[in-house]
Amino acid sequence: MEATQTFLASHIVAFEKETMLLFKPSKAFYETVGINKKRFWQLVRGVKKPLTEETENLSKCLKVPLSQLMNVNDSKTFLSGRRSIESSTNENQ
Numbered sequence: 073m074e075a076t077q078t079f080l081a082s083h084i085v086a087f088e089k090e091t092m093l094l095f096k097p098s099k100a101f102y103e104t105v106g107i108n109k110k111r112f113w114q115l116v117r118g119v120k121k122p123l124t125e126e127t128e129n130l131s132k133c134l135k136v137p138l139s140q141l142m143n144v145n146d147s148k149t150f151l152s153g154r155r156s157i158e159s160s161t162n163e164n165q
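The numbering of the sequence shown is our numbering, which starts it at 73 and goes up by one.
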């Protein structure tokens, strides 16, 4: 069974592949996004759901469109990194 990766986790992996650098956030990063280290990694792993303010701050800091981090109609988008087939089917009806 394939593990589902959060959008944040896949963004970090893409950054590391593109830059050949390890993503290691600094204290300034955590202060800028307003999320402490423990909570940030809980969000990356999908253990916790982000607050609206956290999502907005991450969007600005990571230069990722807010719509990719959180979809108002589907709160699971942030956690799963993709929408489920059922939710897409229900919207089309």
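Ideal Cβ positions, reconstructed from N, Cα and C, are used throughout, including at glycine.
These figures come from a predicted structure and were not determined experimentally.
Look at residue i and residue j and say whether their C-beta atoms are less than 7 Å apart.
| i | j | result |
| --- | --- | --- |
| Val105 | Leu80 | no |
| Ile107 | Glu128 | no |
| Ile84 | Phe95 | yes |
| Ser131 | Leu123 | no |
Buried or exposed, going by whether 16 or more other CB atoms sit within 10 Å of the CB of residue i?
| i | result |
| --- | --- |
| Leu93 | exposed |
| Phe112 | buried |
Mapping the DSSP letters down to three states, classify residue i as helix, strand or coil.
| i | result |
| --- | --- |
| Lys110 | helix |
| Phe79 | helix |
| Val116 | helix |
| Phe95 | coil |
| Leu130 | helix |
| Leu141 | helix |
| Thr149 | The predicted model places Thr149 with a pLDDT of 44, which falls under 50 and marks its position as unreliable; any figure quoted below should be read in that light. Looking at Thr149 - three-state DSSP - the assignment turns out to be helix. |
| Val85 | helix |
| Val105 | helix |
Going by beta carbon distance, what residues of the same chain come within less than 8 Å of residue i, once the five residues before and after it are set aside?
| i | result |
| --- | --- |
| Glu103 | none |
| Cys166 | Outside the displayed span of the chain (73 to 165) sits residue 166, for which this structure offers no information. |
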